[in-house]
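Just so you know, we're using the UniProt record's numbering here: the sequence shown kicks off at 1 and counts up by one.
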Amino acid sequence: MAIKEANLEVDTSTVTGLVNKIKAKDSSPTTVALVLQIVSTLNLSKAALKPYMDDVHSVLDQADELDGNMLFFEKGLYTTSLVAKGISDLINAYGGTDELPENKIIKLINFIYARLRSTNLRAAAHLISAFRALATNPHLAPIVIKSDRLIADGGGVHYGQPKLKLKLVSLWGDAVYGPDTMTLKAGGLFAVQQLTKVLTLVGPTERGAFTAESGTSFQLSLSQLDGKDVNKLPVPGHYVLELSAQWTNTDANRQKQLLGVKGVQLPLRVLTEAEVVDPVLIVMDVVSDRQVADIKLNPGQRYTTSTADGAIDLDLGHQMVLTLRLVDKHDRKVPLTAHQMFLQLTHLKTQQAITYLFTEIAALGVENAKAYQFRLEPEHSAADFDYLGGVYKMELIMGDTLLIKPVIWHMADVNLHFTGEPGSDTARRLAEMNDVSRQRTPTVAAMKRSAGPSSLIGSGPTKAKPEIEHMFRAPERRAPSPIAWAFTIACVVPLLGLLVAWTILGVNVWNFRFRLSNILFHAGLIAIFALYFIYWCYLDMFTTLGYLVVLGIPTFLTGNCVLRAQIAARHAASTASAESKKK
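As structure tokens, then:
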């Protein structure tokens, strides 16, 4: 490919034979992808490229499937992008798809499109290269379905916005296909059972064509059937909508094969607003089994009593039972359930909060409906509250993925009475009155307050921590000056003695013989003394020993030669003296 980019002549037969040998030895996805990219640049005939189209089938069979709509290879985004680019280049060189498995190519593109934000530099480079090759391919038109409200990513429609608005854009994002370029039709709407993923058709099998919106968008109202406004959306829930698109008869791109817009199942949610109905709070005397109070609450309003604090009194031996139902605000005949139903009790002074879960029960008098119930007995739940009595704010907290917004309702205040002393943590809070943490930790009772402050919110204002003082290693103790000077003098005395002896006895410098061994021996000896001085000032013991080995070996050998020469000279001198005496 580098030779091709340099506009140099390429021996097609040699390159083809080489890549075929490589492919025969290694049929991994990475190797096949590179082979496809190479042969696509050789200007081969359609017949010569036909065997490589068969290689596309084999390499796609090696891919693993993910979530039923994605294909990927073992090394992830890098290899998958290489294969996608190789297939696109080969289709471009071949002049068509030639019955390649369209569904597998779409799943391959789905995988790399879902990983647009790659943090791996090499993989990101190959990802961009694959995108560009697919987007500029004259025989393919990969289409991406987009929406300003992220419908394709699980967004929703509701009574405030019943119309589904979509845009069809190219994979590269540089082209928008509007109603003048394509026609978009909606098939059946299917409800999705979340646990089993079973699809159930809702309404007709065909919901008609999308209409034009601002020249570049398509829209379809789910509250209309056959063009008639029925002013009613499907029941809130999870759905998939079948979509199909095709080129208009006059569009210049109609020779391109569309990818990603034929028989598409678009996930969406029908949202709504929940309304609380039939909220009833009953206070029972457990000992006498009689009803103390039966209070019908007004949704959205706080209930107050005639007492000074306006709180409902809940004494020992009493039991509080709260029951309510949920319905669709726009169609009160449709019962709803919520994934998250909590009752939170917050102490007004310490702001300690305990959160309980509602129990789901069958609704009385309403078919196929659920109700939510909460029971509280101070005598049995005292440990959950750490025996801290007083006025608690009672709030309903409700949320679900099918609700437009959560519900937070301050229902009433309750005055709880317990026997026993509060724990140490509660006593500390009562003393400080500045902790605003809200603990939520599961217990058998439901959600029990944790023993310590919340690690996420904190425990309120804190005091400055003590200053950290960094301690460095103290220097080693040195000897007193008199001892140090005495040691130095003791080391210098032998050298001074040598100099004094040389002065008294005299140094026979003239007897020095200029031989190589003599020069090397004395040079080595001087170097060793110099090394001792350097060691004293700069070096450590191990470094000094290393240098000493290097200097000591030649000094020892040359010293041996010097001594042998002196002995030989003395022996020769004594022999000559003896002979002269005999004469």
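The beta carbon of each residue, even a glycine, is placed where N, CA and C say it ideally should be.
Judged by their CB atoms, Val144 and Val192 are not nearer to each other than the 8 Å cut-off.
Leu297 sits in coil when the DSSP states are folded into three classes, being neither helix nor strand. Residue burial is scored here from C-beta neighbours: Ser40 has at least 16 other C-beta atoms within 10 angstroms and is therefore classed as buried. When the beta-carbon positions are compared, Ala293 and Ile282 come within less than 8 Å of each other. Assignment of Tyr532 by DSSP, reduced to helix, strand and coil, places it in the helix class. Its chain contains Leu531 as the residues whose beta carbon lies nearer than 6 Å to that of Tyr547, once the 5 sequence neighbours on both sides are disregarded; these appear in chain order.
In the three-state reduction of the DSSP assignment, Lys329 falls in the coil class, being assigned neither a helical nor a strand state. Where Arg269 is concerned, the enclosing beta strand (DSSP E) starts and stops at Val264 to Val270. Using a 10 angstroms sphere on the CB of Asp89, the tally of other CB atoms reaches 16 or more, which defines it as buried. The Cβ atoms of Leu82 and Thr30 lie closer than 8 Å to each other. The C-alpha of Gly187 is placed about 20 Å away from the C-alpha of Thr181.
When secondary structure is reduced to three states using DSSP, Leu36 falls in the helix class. Inter-residue distance for Leu66 and Glu242 is about 21 Å (C-alpha atoms, whole angstroms). Here DSSP, grouped into helix, strand and coil, assigns Tyr387 to coil.
Bridge pairing for Tyr239: Ala191 and Leu268 [DSSP].
The Cβ atoms of Leu348 and Gly389 do not sit closer than 8 Å to each other. Of the residues assessed, Ala486 falls on the exposed side of the cut-off, its CB having fewer than 16 other CB atoms within 10 angstroms. Three or more Cβ pairs closer than 8 Å define a contact, and the stretch 330–343 meets that threshold against the stretch 352–367. Burial is judged here by how many other beta carbons sit within 10 angstroms of a residue's own beta carbon; Gln373 has fewer than 16 and is exposed.
For Leu201, the CB contacts under 7 Å within the same chain, skipping 5 residues up- and downstream, are Gly188 and Phe190 in chain order.
Contact annotation, Ala382 with Gly420: C-beta distance approximately 6 Å; criterion of less than 8 Å satisfied.
Closest in C-alpha terms to Pro162, from the list Val15, Gly310, Gly215 and Leu268, comes Leu268. Contact between the stretch 509–529 and the stretch 558–567 is established, with three or more Cβ pairs separated by less than 8 Å. Within the same chain, and ignoring the five residues on either side of Val32 in sequence, the residues whose Cβ sits closer than 6 Å to its Cβ are Asp55 and Val59.
With the rule of 3 Cβ pairs closer than 8 Å, the stretch 326–336 counts as touching the stretch 360–371. Judged by DSSP in its simplified three-state form, Ala93 adopts helix. One alpha carbon belongs to Lys75, the other to Lys256, and they sit about 31 Å apart. Looking at the DSSP output, Asn415 sits in a beta bridge with Asp313 and Val391. For Leu164 against Ser217, the beta-carbon gap comes to about 10 Å, at or over 8 Å, which does not count as contact. Secondary structure of Ala369 (DSSP, three-state): coil. Counting along the chain, Val59 sits inside the alpha helix (DSSP H) bounded by residues Lys46 to Asp61. DSSP places Ile282 in the uninterrupted beta strand (DSSP E) bounded by Ala274 to Asp285. For the 8 Å CB-CB criterion, Val277 and Val198 do not form a contact. Note: Gly156 is bridge-paired with Arg269 in the DSSP secondary-structure output.
One Cα belongs to Leu403, the other to Ile397, and the distance between them is close to 13 Å. Under a 10 Å Cβ-count criterion, Ile112 is classified as buried, with 16 or more other Cβ atoms of the shown protein chains found around its own Cβ.
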